[in-house]
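Trainee: Its first residue numbered 168, the sequence shown is counted upward by one per residue in this note's numbering.
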Amino acid sequence: MKKIIAFAGSNSKQSINKQLVEYTCSLIEEVSTEVLDLNDYEMPLYGIDRENEEGIPEAAKDLLNKISTSDGIILSLAEHNGAYTTAFKNAFDWMSRIEQKTFFNKPMLLMAASPGGRGGASVLAIAEQRFPFHNAKIVETFSLPFFKDNFSEGALVNKALNDDLKKAIAALEKEL
């Protein structure tokens, strides 16, 4: 059976992006999914001196292994000041020191959820531009604006957005 790993680019325990990832995985039936938590892959702040003195953290190796052994990726990026969260960027930096082509050409559904009306548009744009240099095969994107209005009790309540998400999932599954 094919396997998708899914995670939010956030270390918040109340992450709306993790909630979106969990809901997205609940809609997938014919593929195995594993939801990861960045808090389980905590790493020191990346720096070349630290890398030279201490080496690469096991958590970076473990997270990269999860990506490399999967058949697809669902990633929902939180947006802090228009860009990735520090937690995600740090993990990404460490993993790229092991393997520059961090995403191994795995089909990816790239998402973002936001409390505001832009739905993480800035971080999605950055990722869409940057990730292909790291061998990401972005199949589809999905943006969830106004999280509190459109998501309730663990599910998308906006029918149009839910239909868009299901189409994005179908595109990902087709590429597996």
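For each residue, glycine too, the CB sits at the ideal point set by N, CA and C. The structure presented is a predicted model; accordingly, all values stated were derived computationally and were not measured.
1. Taking only runs that begin and end inside the region 206-249, name each unbroken beta strand (DSSP E) of 3 or more residues, in chain order.
2. On a CA-only basis, which of LYS304, LYS268 and LEU242 is nearest ALA280? Give me that one, please.
3. What's the gap between the Cα of GLY214 and the Cα of ASP229?
4. Based on Cα-Cα distance, which residue from GLU189, ALA338 and PHE255 lies nearest to GLU201?
5. By a C-beta neighbour count over all protein chains shown, 10 Å radius and 16 as the cutoff for buried, is MET210 buried or exposed?
6. Measuring alpha carbon to alpha carbon, tell me which residue in ASN272, ALA294, ASP207 and SER237 is nearest TYR251.
7. Please state the DSSP three-state secondary structure of VAL306.
8. Give every residue of the same chain whose Cβ lies closer than 6 Å to the Cβ of PRO282, excluding the five residues on either side of it in the sequence, and list them in chain order.
9. Give every residue of the same chain whose Cβ lies closer than 6 Å to the Cβ of ALA175, excluding the five residues on either side of it in the sequence, and list them in chain order.
10. Can you say whether GLY284 is buried or exposed, counting buried as having 16 or more other CB atoms within 10 angstroms of its CB?
11. How would you call GLU246, buried or exposed, if buried means at least 16 neighbouring beta carbons within 10 angstroms?
12. Would you say PRO211 touches the ligand ATP, meaning its beta carbon is less than 6 Å from a heavy atom?
13. Nearest by alpha-carbon distance to LEU277: which of SER199, LYS304, ALA254 and ASN257 is it?
Mentor: Short version:
1. Under the rule that a run must span 3 or more residues, the beta strand (DSSP E) segments found entirely inside the region 206-249 read 239-243.
2. For the residues LYS304, LYS268 and LEU242, the minimum Cα distance to ALA280 belongs to LEU242.
3. Each residue's CA atom was taken as its position, placing GLY214 and ASP229 some 19 Å apart.
4. If we check each option's Cα against that of GLU201, GLU189 comes out closest.
5. Per the 10 Å Cβ criterion, buried.
6. Distance from the Cα of TYR251 is smallest, within the candidate group ASN272, ALA294, ASP207 and SER237, for ALA294.
7. The three-state reading of DSSP puts VAL306 in strand, counting E and B together.
8. The residues PHE314, in chain order, have a CB closer than 6 Å to that of PRO282 in the same chain once the five nearest residues on each side in sequence are set aside.
9. Excluding sequence neighbours, ALA175 sits near SER182, ASN184, LYS185, VAL188 and SER243.
10. Under this definition GLY284 is an exposed residue.
11. Buried: at least 16 other Cβ atoms inside 10 Å.
12. Absence of the ligand ATP from the depicted structure is noted, as is the absence of any ligand whatsoever, leaving it without description.
13. Measuring from the Cα of LEU277, the nearest candidate turns out to be LYS304.
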